[in-house]
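Those protein sequences? They're chains L and D, same order as listed.
In terms of numbering that gives the first Met the number 0, the first sequence opens at residue 0 and continues consecutively.
In terms of numbering that gives the first Met the number 0, the second sequence opens at residue 0 and continues consecutively.
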Amino acid sequence: MTRGYFAVLTLLHLALRVRSAPICTFGARCHVPTLADVFERVIQQSSRMHSISSDLHAEFEQDSYPSRKQAGKWKCHTHDILAPGDKKNAQSLGREELTQVILELLGAWMDPLLQLHQSMRQQQEEDQGPHSSNVALEMSDVIQELRAGVLKMADKMKLLGVLSGNTVAPAPPEGALHLSASNKRGAASPVDHNELLHCLRRDSDKVKNYLRILQCSMLPGLEC
Amino acid sequence: MRNILEWTCLLLLVATPRTNSHSPPEKPTLTSCRSPEKETFTCWWQPGSDGGLPTTYALYYRKENTDAVYECPDYFTAGENSCFFNKNDTSIWVNYNITVVATNRLGSTFSDPVDIDVVYIVQPNSPENVSLTVMEDKGWPFLRVAWEPPPKADTRSGWITLVYEIRIRLEGENEWVIHVAGQQKLFNIFSLRSGGLYLVQVRCKPDHGFWSEWSSPSHIRFPDYFHREKSTWIVITVFCAFMVLTISWLLRMNGHRSLKHYLLPPVPGPKIKGFNQQLLKNGKSEDVFSALVVSDFPPMSSPNYEDLLVEYLEVYVPDEQEVKSKELHGGCFKSESSTSDSDSGRGSCDSHTLLMDKCGPSNGNDDHPMGPEDQVGGRDWENGLDAKEDMSGLDVGRVKTWPSVFSPLPTSASSLLNQPISRELTKHHCLSESMFCTQGVLGPEFSLCSAQLAIPQLIESRSDFNIHKLYVEKDRVTEDTSAILQPFVPQERDYSKVRRVGSGNMLLLQRVLERGPDACEEKSNSAGTNVKTPSVCLHSAIQGQKHIVLATSGYVDTTAMGLMPTY
Numbered sequence: 000m001t002r003g004y005f006a007v008l009t010l011l012h013l014a015l016r017v018r019s020a021p022i023c024t025f026g027a028r029c030h031v032p033t034l035a036d037v038f039e040r041v042i043q044q045s046s047r048m049h050s051i052s053s054d055l056h057a058e059f060e061q062d063s064y065p066s067r068k069q070a071g072k073w074k075c076h077t078h079d080i081l082a083p084g085d086k087k088n089a090q091s092l093g094r095e096e097l098t099q100v101i102l103e104l105l106g107a108w109m110d111p112l113l114q115l116h117q118s119m120r121q122q123q124e125e126d127q128g129p130h131s132s133n134v135a136l137e138m139s140d141v142i143q144e145l146r147a148g149v150l151k152m153a154d155k156m157k158l159l160g161v162l163s164g165n166t167v168a169p170a171p172p173e174g175a176l177h178l179s180a181s182n183k184r185g186a187a188s189p190v191d192h193n194e195l196l197h198c199l200r201r202d203s204d205k206v207k208n209y210l211r212i213l214q215c216s217m218l219p220g221l222e223c
Numbered sequence: 000m001r002n003i004l005e006w007t008c009l010l011l012l013v014a015t016p017r018t019n020s021h022s023p024p025e026k027p028t029l030t031s032c033r034s035p036e037k038e039t040f041t042c043w044w045q046p047g048s049d050g051g052l053p054t055t056y057a058l059y060y061r062k063e064n065t066d067a068v069y070e071c072p073d074y075f076t077a078g079e080n081s082c083f084f085n086k087n088d089t090s091i092w093v094n095y096n097i098t099v100v101a102t103n104r105l106g107s108t109f110s111d112p113v114d115i116d117v118v119y120i121v122q123p124n125s126p127e128n129v130s131l132t133v134m135e136d137k138g139w140p141f142l143r144v145a146w147e148p149p150p151k152a153d154t155r156s157g158w159i160t161l162v163y164e165i166r167i168r169l170e171g172e173n174e175w176v177i178h179v180a181g182q183q184k185l186f187n188i189f190s191l192r193s194g195g196l197y198l199v200q201v202r203c204k205p206d207h208g209f210w211s212e213w214s215s216p217s218h219i220r221f222p223d224y225f226h227r228e229k230s231t232w233i234v235i236t237v238f239c240a241f242m243v244l245t246i247s248w249l250l251r252m253n254g255h256r257s258l259k260h261y262l263l264p265p266v267p268g269p270k271i272k273g274f275n276q277q278l279l280k281n282g283k284s285e286d287v288f289s290a291l292v293v294s295d296f297p298p299m300s301s302p303n304y305e306d307l308l309v310e311y312l313e314v315y316v317p318d319e320q321e322v323k324s325k326e327l328h329g330g331c332f333k334s335e336s337s338t339s340d341s342d343s344g345r346g347s348c349d350s351h352t353l354l355m356d357k358c359g360p361s362n363g364n365d366d367h368p369m370g371p372e373d374q375v376g377g378r379d380w381e382n383g384l385d386a387k388e389d390m391s392g393l394d395v396g397r398v399k400t401w402p403s404v405f406s407p408l409p410t411s412a413s414s415l416l417n418q419p420i421s422r423e424l425t426k427h428h429c430l431s432e433s434m435f436c437t438q439g440v441l442g443p444e445f446s447l448c449s450a451q452l453a454i455p456q457l458i459e460s461r462s463d464f465n466i467h468k469l470y471v472e473k474d475r476v477t478e479d480t481s482a483i484l485q486p487f488v489p490q491e492r493d494y495s496k497v498r499r500v501g502s503g504n505m506l507l508l509q510r511v512l513e514r515g516p517d518a519c520e521e522k523s524n525s526a527g528t529n530v531k532t533p534s535v536c537l538h539s540a541i542q543g544q545k546h547i548v549l550a551t552s553g554y555v556d557t558t559a560m561g562l563m564p565t566y
């Protein structure tokens, strides 16, 4: 369990360092990043997010009891978001909608991750295990970063005219959490963690894929 | 007996036709599900034993969070014991719960369910159209491998992202070299063997999924190219060999000795020009002395200063000292030279005393006033030098012999040699000389105190009352002419010591005064030569010195009082 977390920690540190610094402070000639650069960075971050969530999920899956896996009666809290589930649907969605979906997804995870962090910390205090809850906290930071990056990307796209200006960043849905009621402060079951991490992994993959579709539709090149 | 029974039983068992023990089918197993492009997928199962009855298999699946159970839409496309899900039935990021049922007359058996998410079971087909081209980069050839993604995988829209890998090997070898190409569709391979036949294969993988199969091998023969680097080395080697041969040939032609001497010059032993050392070995002093007399002094033509060793002579002595001086010089020459060393700290006086000891009882050499003979000799000497100097009208007051342990004596000075040597004189000389040596003021030339000395010029400074004796050394190392002038100071004489000969033939004299220490002063020469400010005021144990700069072209008459012991 510790191994994955330490690996995740390093990954997160890397992710956090991608935080954009003010580059044109003294009026010097700035390098304004192109859309391609922004895409590149955003996709990198989403890759990181996905790999971290995969690791987290793998770690938790080892610890949780196996019967849970078979039930499959849980729903991710983001299933309400109309994320296209196949290529046809994804391509039929316009760029704006796709961007919107991405932002919604990212926004939907901000709070749950904090809660996850809290519950993990509590669990950790009980178990007196290693500090794995920090990973969840940093994961939420990563997602916030990614969300900000996508917003920046959207702004850039609007500027370039490839995106119509109707996209509004949705507020993170409040209470739209289908986590079990027992997930309040106090009782925290590892099962919930497992579900959550499973959903997180999936959603991060969706985000990554949608971003890739956007990139290839905007900037067709050698890489697509 | 028992064996026969066992065998019989076994035979019966085998031979008896079995009654049909029908049973429900055994549990089938889902072996794998794969999606080639993340749009469709196929699942395969392995049937168990059919229980002796015709058995049918059915696949059922349930999507995540729904209770509806569906059956496999297509059992045939993918072959036997398979189920193919087409695009309409495939949903990504959805959990499928799949089960296979084997049914026969007697019953049905369910396999273990399998949960899959299509995203994680993607295994694309191999890349296609692998093309190999030999290209050149600044004369160096390399291989460019290009390929295309598998046709069904839609990388263009970004739906699926593939990473590629290439492997290459020489025909006949077993080891593959793997290159990771990332997401690009072409790759350059360098450093391949010229003239080799290579096999290349490519494969791909989605970000989370399985590697495809390797593409079918492509062959290419790498062209032969001229190894420029090797040719340069060949040229260099040939050249070096040629040089070595030339040098060795030259060595042989010129004689072994000369080159060896050129490379490792022998350390010069002491050598007297025109002196046959065999004479010393013979031990006859007359022969030695006659050999010591050199006929080419004073130098009429331009002398080689390095070879010309001149000593300054002060001659006092009566005739009886003559022999002793001869002996002193002759017999001890060899030993002197043999005891000479590079220790500059020790003056020649040390070696001189050594010399005296080795030479046997030294006689007390008394001071003797110089006879007119000496004066004549001195004058001759002076005359000889007049070619160099424009001094005139100066008389030689006195000439004193100096223990000339270092040099062959000039002709005119040979007569001086015959003069006896005052022991005190020599002592004085020694002292002063050792003083000089130990002072080390003038630097490296003092190391030559006991070694060979070259005196390019003899400078005689005179006054009406005294003879100024100068003793000039030439610094072999720096080629500067330094004059170390050792004013021999008899009691009522005034001598100047020439400290240094500067550039432009300027003499820097030191004047010794009896009275207290004086600052360094300039004093112009009576001959009216240039005066040069001494840059260094030499303060030493000698008190009351003055510096006088004189032109070397003239004789200097100075008077200097100084007691030798004060040195």
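Backbone N, C-alpha and C fix where the C-beta goes; we use that ideal spot for every residue, glycine too.
(request) Look up L/V161 in the DSSP assignment and say whether it is helix, strand or coil. (result) In the structure shown, L/V161 sits in coil (DSSP, three-state: anything other than H, G, I, E or B).
Worksheet item: So what does DSSP say about D/K323, is it helix, strand or coil?
Response: Summary for D/K323: the model assigns pLDDT 47, below 50, so the residue's position carries little reliability, and this model does not support an answer.
_In the DSSP assignment, the alpha helix (DSSP H) including D/A180 goes from what residue to what residue?_
Premise fails: D/A180 lies in the beta strand (DSSP E), V176 to G181, not in any alpha helix (DSSP H).
- For L/D191 and chain D, any beta-carbon pair shorter than 8 Å? Using a Cβ-Cβ cut-off of 8 Å, L/D191 does not count as an interface residue toward chain D, since no Cβ of chain D sits closer than that to its own.
Counting contacts by CB-CB distance shorter than 8 Å, is L/K74 in contact with chain D? It does; some Cβ of chain D falls within 8 Å.
Taking the beta strand (DSSP E) that D/E38 belongs to, which residues open and close that run? For D/E38, there is no enclosing beta strand (DSSP E), since its DSSP letter is neither H nor E.
Query raised in the report: Using a Cβ-Cβ distance under 8 Å, would L/R201 count as near chain D?
Result: Chain D places a beta carbon closer than 8 Å to that of L/R201, counting this residue as a contact.
| task | Give the secondary structure of D/W213 by DSSP, where H, G and I count as helix, E and B as strand, and everything else as coil. | result | Three-state DSSP puts D/W213 in coil, outside helix and strand.
- Query: I think D/N94 touches D/D116, with their Cβ atoms under 8 Å apart; what is that distance to the nearest whole Å?
  - Reply: 6 Å between Cβ atoms; contact.
Check distances from the C-beta atoms of the segment 136-155 of chain D to those of chain L and list, in chain order, the residues that come in under 9 Å. Answer set for the segment 136-155 of chain D: D153, T154 and R155.
Exercise. For the beta strand (DSSP E) that D/T108 lies in, which residues bound it at each end?
Worked result: D/T108 -> beta strand (DSSP E) spans G106 to F109.
_Can you list, in chain order, the residues of its chain with a C-beta nearer than 6 Å to that of D/K325? Leave out the 5 residues immediately preceding and following it._
Because D/K325 carries a pLDDT of 45, less than 50, the predicted location of this residue cannot be relied on, and no value is offered for it.
- Message: Can you list, in chain order, the residues of its chain with a C-beta nearer than 6 Å to that of D/M0? Leave out the 5 residues immediately preceding and following it.
- Response: None.
Does the segment 113-123 of chain L come close enough to the segment 146-159 of chain L that 3 or more CB-CB pairs lie under 8 Å? In short, these stretches do not touch, since the Cβ pair count stays below three.
Next item on the list: Can you have a look at D/W232 and say buried or exposed, based on whether 16 or more other CB atoms are within 10 angstroms of its CB?
Entry: Of the residues assessed, D/W232 falls on the exposed side of the cut-off, its CB having fewer than 16 other CB atoms within 10 angstroms.
request  = Could you tell me whether the segment 49-61 of chain D touches the segment 126-145 of chain D, where touching means 3 or more Cβ pairs closer than 8 Å?
outcome  = Judged by Cβ distances under 8 Å, the segment 49-61 of chain D makes no contact with the segment 126-145 of chain D, as fewer than three pairs qualify.
- Query: Rounded to whole angstroms, how far is the Cβ of D/G181 from the Cβ of D/V121, which I believe are closer than 8 Å?
  - Reply: The beta-carbon distance between D/G181 and D/V121, rounded to whole angstroms, is 18 Å. This is too long to meet the 8 Å contact definition.
Quick check on the DSSP output: the beta strand (DSSP E) that includes D/E70 runs from which residue to which? First-last of the beta strand (DSSP E) with D/E70: V68 to E70.
One or two residues paired with D/S284 in a DSSP bridge
None, per the DSSP bridge assignment.
Let me confirm a value: D/S20 is counted as buried when at least 16 other C-beta atoms fall within 10 Å, else exposed. Which label applies?
So D/S20 counts as exposed.
Exercise. Of all Cβ atoms in chain L, is any one closer than 8 Å to the Cβ of D/V93?
Worked result: Yes, D/V93 counts as interfacial toward chain L.
- Message: Assuming contact is defined by CB atoms lying nearer than 8 Å, are D/S214 and D/Q200 in contact in what I supplied?
- Response: Going by C-beta atoms, D/S214 is nearer than 8 Å to D/Q200.
* Any 3 or more C-beta pairs closer than 8 Å across the segment 207-216 of chain L and the segment 156-168 of chain D -> As far as the Cβ criterion goes, the segment 207-216 of chain L touches the segment 156-168 of chain D, which means the pair count is three or higher.
Does DSSP classify D/W139 as helix, strand or coil?
The answer is strand: DSSP assigns D/W139 an E or B state.
| request: Quick one: grab the DSSP three-state call for L/R211. | output: Secondary structure at L/R211: helix, using DSSP grouped into helix, strand and coil.
query: Pairing CB atoms from the segment 167-183 of chain D with CB atoms from the segment 99-110 of chain D, are three or more of them under 8 Å?
result: A contact is defined here as three or more CB-CB pairs under 8 Å, and the segment 167-183 of chain D fails this definition with respect to the segment 99-110 of chain D.
Short CB-CB distance (under 8 Å) between L/Q214 and chain D
Interface residue, yes.
Give the range of the alpha helix (DSSP H) segment to which L/I80 is assigned. Run containing L/I80: none; DSSP gives neither H nor E here.
Practice item. Go to D/I167, then tell me how far its beta strand (DSSP E) extends in each direction, as first and last residue. Key: Element bounds for D/I167: L161 to L169.
Selection of the segment 133-145 of chain L by Cβ proximity to chain D, strictly under 9 Å = Answer set for the segment 133-145 of chain L: empty.
Taking the DSSP output, what are the residues bridged to D/L58? DSSP, once it has assigned bridges, lists D/V99 as partnering D/L58.
### Query
Does the Cβ-Cβ distance between D/V568 and L/D202 come in under 8 Å?
Coverage of chain D is limited to positions 0 through 566, which leaves residue 568 of chain D absent and any answer about it impossible.
Self-check item: Secondary structure of L/V141, DSSP reduced to three states
Solution: Helix, per DSSP.
Beta carbon of D/P123 nearer than 8 Å to that of D/P35: Yes.
### Query
Taking the Cβ atom as the reference point for each residue, do L/L112 and L/Y209 lie within a distance shorter than 8 Å?
Result no, Cβ atoms of L/L112 and L/Y209 do not sit closer than 8 Å.
Subject >> Close-in-space but distant-in-sequence residues of the same chain around D/V113 (CB under 6 Å, 5 per side omitted) >> reply: Spatial neighbours of D/V113 in its own chain (CB-CB distance under 6 Å, excluding positions within 5 residues in sequence) are listed in chain order as L29 and I97.
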